[in-house]
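**Student:**
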Amino acid sequence: MMIPVHYYLVLAAVIFAIGVAGVILRRNLIVVLMSIELMLNAVNLTFVAFARAHGQMEGQVIVFFVMTVAAAEAVVGLAIVIALSRHRRTLDPEQMHLLRG
Amino acid sequence: MQTGASGTPLEALGLIPAIPLAAALVNVFWGRQLGRRAAGGIACAAVAGSFLLSAYAAVRVADAGALRDVLFVWLDSGSLKVDVALAVDRLSALMLLVITGIGFLIHVYSVGYMAHDDGVARYFAYLNLFIFFMTLLVMADNLVLLFVGWEGVGLCSFLLIGFWYQENVNAIAGNKAFIVNRIGDFGFLLGVLLLFWEMSGQGIPSLDFSVLERNAHLLAPAKLTLITLLLFAGATGKSAQIPLYVWLPDAMQGPTPVSALIHAATMVTAGVYMTARLHFLFSSAPFTLTLIAWIGALTALVAATIALAQNDIKRVLAYSTVSQLGYMFVAVGVGAFSAAIFHLFTHAFFKACLFLSAGSVIHGLRGEQDMLKMGGLKRYFPVTYWTFLAAALAISGAPLTAGFFSKDLILWQAFASARGSFGLWLVGWITAGLTALYMFRQFFLVFHGEARAPAELRGQIHESPPVMTLPLVVLALGSVVAGWLGAPHYLGGGVWESWLAPVFGARPAAAHEPLSEELWLVALTVAIAALGVWAAYIGCVRSTRGFEVSEPAALRALYRLLARKYYVDEAYDVALVQPLTRFSSWLAASFDPGLIDGAVNAVAGGFWAASVRWRRLQSGYVQHYLFAFLLGALIVLSYFTLG
Amino acid sequence: MEVNLTPLLPAAEVALAALVVLIADLFLRDDEKGLLAVVSVAGLAIAAALAGSLWDSQEAAFGDTMLGDNFSLFFTLLLIAAAALAVFSSAHYLSETNMPPGEYHALILFSTAGMILMASANDLILFFLGLETMSIAVYILTGLRREQPQSSEAAMKYFMVGAFATGFLLYGIALIYGATGATHLARIGYWIIQSAGKPDWLFTAGALFLVIGLAFKVAAVPFHFWAPDVYEGAPTSVTAFMAVAVKAAAFAGWARIVVHQLAPLSPQWDWLFWLLAIMTMTLGNLLAIAQSSVKRMLAYSSVAHAGYLLIAIVAGNEFGGGALLFYLLAYSAMSFGAFAVLLALKNGRGDNEEYRHFAGLGFSRPFLAMSMAVFMLSLAGFPPLGGFTGKFYLFRAAVLAGYTDLAIIGVLNSLLSLAYYLRVIVMMYMDEGGVEAKTAARAPYLYAAVAVSLVATFYLGILPGDALELSRRAFASLR
Amino acid sequence: MNPELVVFFFLAALLIGFSLLVILVRNPVHSALALVAALFMMAIFFLRLSAPMVAALQVLVYAGAVMVLFLFVIMLLNPANIEPKARLWWAGVGAACALFVLALVGRFLTGAGASPASGASLGPGFGSPQALAQSLFGDFVLPFEIASIVLLVAIIGAVALARRGTP
Amino acid sequence: MFSGDLTLLIFLPAAGALLVLALPRRATGALFKVAFLFAALTFLWALKILWKFEPGLATIQLVDRARWIPAYGIDYFVAVDGINLFLVLLTAFLVPLAILASWTIAERVKEFLFFMLVLETGMIGTLVALDLFLFYVFWELMLIPMYFIIGMWGGPRRVYAAVKFVLYTMSGSLLMLVAIIYLAVRHAELTQSLSFDLFRIQALSLPFEEQLWLFAAFALSFAIKVPLFPLHTWLPDAHVEAPTAGSVILAGVLLKMGTYGLLRFAIPLFPEVTLALKPALIALAVVGVVYGALVAMMQADLKRLVAYSSVSHLGLVVLGLFALNQDGIQGALYQMLNHGLSTGALFLLVGMIYERTHTRMIADYGGLWKPLPVFSACFLVITFSSVALPGLNGFVGEFLILLGAFRAVPFWTALAATGVILGPVYMLWMYRRVFFGPQGRSAGHALADLNRREIAILAPIIALVFFLGIYPDPLLRRMRPAVDAVVQQIEGKRPPALFDSDQARESAR
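Protein chains in written order, with this note's numbering: chain A, 1 to 101; chain B, 1 to 643; chain C, 1 to 479; chain D, 1 to 167; chain E, 1 to 509.
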């Protein structure tokens, strides 16, 4: 028998939640970026599951785009981290609050 | 004419007020360039012109009954139309003659009295302006225009009381006069409004006197009582009756001719004139009349008692004026309007004469007004002495003088007319005695007894120049003979009653009473007046202390009570002025900035504080932002779980 | 397969211009970099001409995923204008700050291309890609003033929140895809109609996630926290661009997706936008009051204005759409103008973006101050300026849709906003000191940009008829 | 219990476990390694969902390229930098996340009936490179082109931001 | 319909403003001359409008109407009738005088004159606009120049005062904006046609409940502007801080906008609510009359005193308006003119004395008559105009107001008439302390009496004070038909049963 699609959905949701928690909680920017990747992967899982359920290739194609975007974001994110590290030898986002109020 | 007023048109009527107005304007704009003499000359000439025109009008009135001149539409709001319309009937003709005639004399007198003052142009401008407003007042053909004159004379009074403005007392007295008058006017105005809407409700939307007179019977009695009470409130202000008489004594801060003209002869009688003008309203409001009579009587008595203990030469006369006005209101109150006007007429002569004589004395004494520093002045003031004596006799009711006729007429009416009563008469009678007493106290204190003026001043005391004494003589003569116009029937009768009959209607003759009774009363009055003179002689010539008794204690207390004017000013201060001032400064200092503005500022401050406080939400920590994002997402999704 | 590329032309042209800039950058000496701006503007002008020529043509391409309808053309023109103004006004700023001009211009153009795609996309995937093109370019632009720690920090914050939001947006697309089996908006709309206006939970969840993602882009409370920090930290010219263009593009998404395609859902979820609108307006205005930096104040004001615009989303009907578009026009002009004035204050000594730097500006730099005053008054909604007319239409739309309460809260917020807008004027005209007159920037293009904004602000206020008609027709062209 | 389901749960547990590791371990290198593992698990799920091409891309692009980049940056920037402990609001965030998941999961499970059919019949070659390529260069050619622009922008940006030298 | 007369009147000052902007900053003399010239021309043109105005017609005249924003049915629609004609004239009359009075301003002359002229455009526009949208545009347009005038040329707390002025005023008018929008939307719903035309919207009959809220919004906006107690506290601050010309215009014209708005918009648009809320508004107005007078009495600063007297006087105007009969409304309208003249003149006079002594504290003065007889005489005339001495302008208005109000609400009118007493109390008390008595501290300055420019400013005002007091008929005749129209609009309307009780009592009387 097939695994019902919402099993995958729940799994994806859990992974997404873990990613969200990581983004909010981790105090190392690189790990935060990784958590974002986790979130995007959870979305990918959802897409693929739905593609399977609908029997359409579209969902899988979208995953391709998401991966591209995720890669691009990772690159830019890391570049920003590097740029930031030139000003401050730390990766802790909590050390960065020049801008507030 | 659509309002249905009647009267023979006379174009020249407008000139009577216009001439003094023009003269006033000339003096306002060019008075200083023209110089003293010219300023005075113009002013006198203007009043003389008015007088002549008034005389002409009076002659015309004798034939035509009433003259009328509609100048232009003043106010027309749709429901109310008020014309600037002047009318002269026998009553106003009489008033005009008094105003312009006595006014002219006083103008002439002023030329001498103010000869050395810097503000003479200003003085004459004010004085002419006063004549303008006063003539307007008596010539007004409707209540609103009358009110214009009414307020206008108040303005002039204010200006002239405070004429020597550099003294604060004078300016304060001017303010007091205007404001106290305004309290009365408040009632007057409401009365006018109420009257108008009541008439309007009857389909007669007009305030013209002639229209009102024809339709007064339409008004409900209760309303009429209220209206007349409100109107009378105005009269108590203008004519200085209880409870609003307090301004008049203070008004003596003005130049003495002003006191003579405005605060004795003319303006203060405006209240009497007004009630007489509206006699058709008052005479059908019995309650109001009774009240007026008693207020008049009480005022007469109270003022006379106060006058007993005053030492300022002008203040005595001021209280005397209040007292005499009280008499007039007694007459009004018993429905004897012509008697009231008669007393107004005679009073104008003798009171003007008294004031001007007093002014002459003050002038001669370089401004000294305290009678305790006078005494024995007879020899310095040969003319003034006699004019003063003539007027004093007149006011005291010496037989056959003007005051005798008018006062006895009032007392007789108070006793015998349908509305009269013994009580009223008794008060009037006592007051007559007191009048003689204080008048002759003054007379003796000033002219007889030992000379109390400072030695260095004595050499400079002098009689006034002819320009001042001449009017005095004229007025003194008037004081003596003017009464014959209204001589009682037992002395052959005068023209007075018949002259005014078209205005007030034939007086419901009180002559049912036997003649003997009237004569008895006259005798009683003369007797008490004589008693008063005698007492004054005892108290002032013999003891020279002017009643300032020290023994026994009860008398001393009484004296002090009188000298302090029953503490009425103080009572008003404590009961009205101070609470109002305190309340108002509480409003200005605490309530307005604190509560009302405070609330506004608190709102503004609250937003600022909220902004400062809530800014801390924006902590600068990106993960806080993300957390908030998450919470927001939860809110959005709550739609999902809730819905 | 027949491919109609016509609707793509403006976006492609902008991207092409970006490439030209990149290449030209390699061959230009430092003192010739000014040409890049010329190239950019020329590219934008051509794109604008292309877009103009397409007006009323209702072209569609790529299986209707890319539309050249009047709506997208309206936004295309608006965005191109914003980009052109940004380019115009940044010459002075670039030379003062040592930002790399090649990258700067290229990124501006790329992001513009992305925005045009967002406005034209009729497919969620295409929309998402346009959004990402724009976002990534703007993340980088934000951090482009590398010598400034604030700039990097702002980039970091923007990026983190943005990526986070991307996750939500994508998740929403995924769920919608799951529910409907489509990402094409027309098909989704058809599906909604099929489901008789009562779509299932899956779709609703997806739509809500989508809304969260979009709400982030327009900085709606509580997804707004990044905005003040990022606006403040970013180079001012980028902030101006962001405040105007990014917001416009995001609202294009709102209009097409939420207001138009998901219209059947509106009775169910309007209360949500109602709440968002109120929170956004109120918090934005409230927090703006106590700021000490004008730039940051403008950031909050931009949040607040997003709130006003959300009123139109709530109102939702045709009038709401027209009002939304018109207000975007007006807002773009006045907001851009305000930032441009800030740009002009930049001098060798510093950024001069605090309130105190504005003291006495009315007398040392009359034109700038006068313009700033006009922009502030327009933002506050005074007639006869564009901001007033815009607000008027917004509130009218709200009343028309039965949301008088929103209109009332909206005007009360305007009142609140006056407090801080007037403060700028107070500083400029009723105080002394501040930036010295001697350091006046010689930046003719910048002044021209200010003047254009000024004229537009007045024009939209006094003669709004044509622009209004334009907005109305643009919105009506959605299908 | 259905064996397929057992496998699913086993893999799911692993995926969740690795994911949790990513966010729980203190050392970023360890996080990165856990992430690699999680991404592999994800690829396995893709495979099971008839998406072999995607699974392959997942391994190549993510587990390969992107993760290398991550590790590279970690090495570049002081790896010894130990992350400070998170604060008390752990609890709050935990609760929020749990709520969030519950909100979704609860609905997904209870509303399962409304979800699309879980087993559409698949055509031949579903998920194959050919199928993917056909879609990609057919209906999705425009997004594909735009994706390239996204990457281009990212490259330009990365260079602009991260390059050395006087800014 | 476009005769262009009014349009020219509105925009002539704006043209002047632009010209001023174009002139060089240093040429202050030329700037003043140009500004004065344009203001004077505007006044002359306003006189021409008076000339062309046909008395006896209730309808609007000299209509200028053009489509403005057709998509929403917004028109450029201006016209005059008996209600606004004289207010327009007053505005055009006061602005040149205010400019003349500002001749001594030395700093930022250009900006000042620019704002004055823009302000004039705003004011005239507000008065003649009959399209609700257009009205609102002009209404707000007035605010900005005044804000600058207070804020840039004002006293030490000018910023506070200016911001307070704007915020306070806006807090009301923004709600009015919503009400205007709501009205237009309802109009569109009910008639299927788009319009902001006052008269067409007036023809709607909305449910009472809706009217109530709309009226509240309009009335709040106008009440703040009036200002009606207890919304008055912005006024003293604004007046005290504003420069002379600002105070003159503020008191002379801007405050009238509130009462004008009530008469033009709030009352005819919502007659039922007007009837229902009449008692409350009258109560506020009367409290304002007494309160303003009491607070004025205790003020130490001349300008503050005059400001509070405005509160008192305008309370009376509102009382007249809500008497809702011919007399009351005409009186109110007339009193608006009077107040504009007399309070405007008071501020001019205070400004003149301030220039000489640099103090406005009453306690610093005393005995000014001696050195300044002409000034004092002018002040005296205006003082008595302000306390409504019969024969001067103030009386005509006050009398008509009391006349009308007495018919409607006798008790409240009696209370309001205590203003008759309190007015002289504070005005004369102030006058005495300033001009009479021994010379005060300010006498240390060399005091010169009025110069020719100042006399030229005051003379026309004083002439008008007399003219309006003595011969008001030409004005009343032109106002009457329009006022009648408003009264008729209200007559026959009655509030719904809930509010009916006092109405019934009233008609039973």
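Ideal placement from N, C-alpha and C gives every residue a C-beta, glycine not left out.
#1: Identify whether Ala205 (chain C) lies in helix, strand or coil by the three-state DSSP scheme.
#2: Closer than 7 Å by beta-carbon distance: list the chain A residues that pair up with Leu626 (chain B), in chain order.
#3: Exposed or buried, what is His217 (chain B) when buried is set at 16 or more other beta-carbons lying within 10 Å of its beta-carbon?
#4: Is there at least one Cβ from chain C nearer than 9 Å to Val600 (chain B)'s Cβ?
#5: If we ignore side chains and look at the alpha-carbon of each, how far apart do Ala437 (chain C) and Ala203 (chain E) end up?
#6: Report all residues from its chain with a CB closer than 8 Å to the CB of Ile99 (chain E); omit the five preceding and five following residues, and keep chain order.
#7: If you compare alpha carbons, which of A:Glu94, A:Ser85, A:Leu11 and A:Gln60 is closest to Ala38 (chain D)?
#8: Please work out which residues of its chain come closer than 6 Å, Cβ to Cβ, to Phe513 (chain E), disregarding the five sequence neighbours upstream and downstream, and give them in chain order.
#9: Considering only the beta carbon of each residue, do Phe336 (chain C) and Ala219 (chain C) sit closer than 9 Å?
#10: Measuring only between beta-carbons, confirm whether Gly605 (chain B) sits less than 9 Å from chain C.
#11: Could you say if the region 198–212 of chain B and the region 172–182 of chain B meet the contact criterion of at least three C-beta pairs nearer than 8 Å?
#12: Chain C partners of Met170 (chain E), CB-CB under 7 Å?
#13: How about Thr46 (chain A): is its C-beta nearer than 9 Å to some C-beta of chain C?
#14: For Ser312 (chain E), name the three-state secondary structure that DSSP assigns.
#15: With DSSP collapsed to three states, give me the class of Arg396 (chain C).
#16: Ends of the beta strand (DSSP E) at Asp408 (chain B)?
#17: Put His184 (chain C) into one of helix, strand or coil per three-state DSSP.
#18: Provide the residue(s) that pair with Arg65 (chain E) in DSSP beta bridges, ordered along the chain.
#19: Please check if any C-beta of chain H sits within less than 9 Å of the C-beta of Val318 (chain E).
#20: Taking a contact to mean a Cβ-Cβ separation below 9 Å, would you say Met371 (chain B) touches Gln460 (chain B) in this structure?
#21: So Ile44 (chain D) contacts chain A; which residues on that side make the cut at Cβ distance below 7 Å?
#22: Three-state secondary structure (DSSP) at Ser293 (chain C)?
#23: Quick test of the definition: if touching needs 3 or more C-beta pairs under 8 Å, does the region 329–344 of chain B touch the region 461–480 of chain B?
#24: Would the beta-carbon of Thr8 (chain B) fall within 9 Å of that of Gly101 (chain B)?
#25: Would Val63 (chain A) pass as an interface residue toward chain D - the criterion being a Cβ-Cβ separation below 9 Å?
#26: Quick check on Asn122 (chain C): does DSSP put it in helix, strand or coil?
#27: If we count the other Cβ atoms within 10 Å of its Cβ and call it buried at 16 or more, is Asn28 (chain A) buried or exposed?
#28: Between which residues of its own chain and Val287 (chain E) is the CB-CB distance below 6 Å, once the five residues before and five after are set aside?
#29: What is the DSSP secondary structure of Thr59 (chain E), counted as helix, strand or coil?
#30: What residue range is occupied by the uninterrupted alpha helix (DSSP H) comprising Lys225 (chain E)?
#31: Alpha carbon to alpha carbon, how far is Phe138 (chain E) from Val374 (chain C)? Give it in angstroms, no decimals.
**Tutor:** Taking the coordinates as given:
#1: Against the third sequence, residue 205 (chain C) aligns to sequence position 205. Ala205 (chain C): helix per DSSP, three-state reduction.
#2: As a working note, residue 626 (chain B) is residue 626 in the second sequence. By Cβ distance, chain A contributes Val23 and Ile24.
#3: Here the question's residue 217 (chain B) lines up with position 217 in the second sequence. It counts as exposed.
#4: What you label residue 600 (chain B) is simply residue 600 of the second sequence in a count that begins at 1. Judged by the 9 Å Cβ criterion, Val600 (chain B) is not in contact with chain C.
#5: Mapped onto the third sequence, residue 437 (chain C) falls at position 437. Mapped onto the fifth sequence, residue 203 (chain E) falls at position 203. Confidence at Ala437 (chain C) is low in this model, with a pLDDT of 49, below 50, so its placement is unreliable and the value that follows should be read with caution. About 57 Å.
#6: Stepping through the fifth sequence from its first residue, residue 99 (chain E) is reached at position 99. Excluding sequence neighbours, Ile99 (chain E) sits near Phe32, Ala35, Phe36, Ala39, Leu113, Met116 and Ala245.
#7: In the fourth sequence, counting from the first residue as 1, residue 38 (chain D) sits at position 38. Ranking the options by Cα distance to Ala38 (chain D), first place goes to A:Leu11.
#8: The question about residue 513 (chain E) has no answer, for chain E in this structure spans 1 to 509.
#9: Here residue 336 (chain C) corresponds to residue number 336 of the third sequence, with the count starting at 1. Here residue 219 (chain C) corresponds to residue number 219 of the third sequence, with the count starting at 1. No, they are not a contact pair.
#10: The sequence position of residue 605 (chain B) within the second sequence is 605, counting from 1. Not closer than 9 Å to any Cβ of chain C, the Cβ of Gly605 (chain B) fails to qualify, so no.
#11: Counting C-beta pairs with one atom in each stretch, the region 198–212 of chain B and the region 172–182 of chain B have fewer than three that are closer than 8 Å, which means they do not touch.
#12: Indexing the fifth sequence from 1 puts residue 170 (chain E) at position 170. The answer, in chain order, is Leu415 and Leu418.
#13: By 1-based counting over the first sequence, the position of residue 46 (chain A) is 46. So yes, Thr46 (chain A) belongs to the interface.
#14: As a working note, residue 312 (chain E) is residue 312 in the fifth sequence. Looking at Ser312 (chain E) - three-state DSSP - the assignment turns out to be helix.
#15: In the third sequence, counting from the first residue as 1, residue 396 (chain C) sits at position 396. Here Arg396 (chain C) sits in helix by DSSP.
#16: Here residue 408 (chain B) corresponds to residue number 408 of the second sequence, with the count starting at 1. Where Asp408 (chain B) is concerned, there is no enclosing beta strand (DSSP E), although the alpha helix (DSSP H) it sits in stretches over Ala402 to Ala416.
#17: As a first step, residue 184 (chain C) must be located in the third sequence, where it is residue number 184. Reduced to three states, the DSSP call for His184 (chain C) is strand.
#18: Within the fifth sequence, residue 65 (chain E) is the residue found at index 65, counting from 1. According to DSSP, which records beta bridges pairwise, Arg65 (chain E) is partnered with E:Phe77.
#19: The structure shown contains no chain H; its protein chains are A, B, C, D and E.
#20: Translated into the one-based positions of the second sequence, residue 371 (chain B) becomes position 371. Translated into the one-based positions of the second sequence, residue 460 (chain B) becomes position 460. Gln460 (chain B) is positioned such that its CB atom lies no closer than 9 Å to that of Met371 (chain B).
#21: Stepping through the fourth sequence from its first residue, residue 44 (chain D) is reached at position 44. Residues of chain A passing the Cβ test: none, with the nearest at roughly 11 Å.
#22: Numbered from 1 along the third sequence, position 293 holds the residue referred to as residue 293 (chain C). It is a strand residue.
#23: no
#24: Your numbering for residue 8 (chain B) matches position 8 in the second sequence. Your numbering for residue 101 (chain B) matches position 101 in the second sequence. Cβ atoms of Thr8 (chain B) and Gly101 (chain B): not closer than 9 Å.
#25: Taking the first sequence and counting its residues from 1, the one referred to as residue 63 (chain A) is at position 63. It does; some Cβ of chain D falls within 9 Å.
#26: Counting from 1 along the third sequence, the entry for residue 122 (chain C) is found at position 122. Asn122 (chain C) falls in the coil class under three-state DSSP.
#27: Counting from one through the first sequence, the residue named residue 28 (chain A) turns up at place 28. Classification of Asn28 (chain A): buried, given that the 10 Å Cβ count is 16 or more.
#28: Position 287 of the fifth sequence, counting from 1, holds the residue named residue 287 (chain E). Answer for Val287 (chain E): Phe229, listed in chain order.
#29: By 1-based counting over the fifth sequence, the position of residue 59 (chain E) is 59. When secondary structure is reduced to three states using DSSP, Thr59 (chain E) falls in the coil class, being assigned neither helix nor strand.
#30: In the fifth sequence, counting from the first residue as 1, residue 225 (chain E) sits at position 225. That run of the alpha helix (DSSP H) goes Phe208 to Lys225.
#31: Taking the third sequence and counting its residues from 1, the one referred to as residue 374 (chain C) is at position 374. Taking the fifth sequence and counting its residues from 1, the one referred to as residue 138 (chain E) is at position 138. Whole-angstrom Cα-Cα distance: 16 Å.
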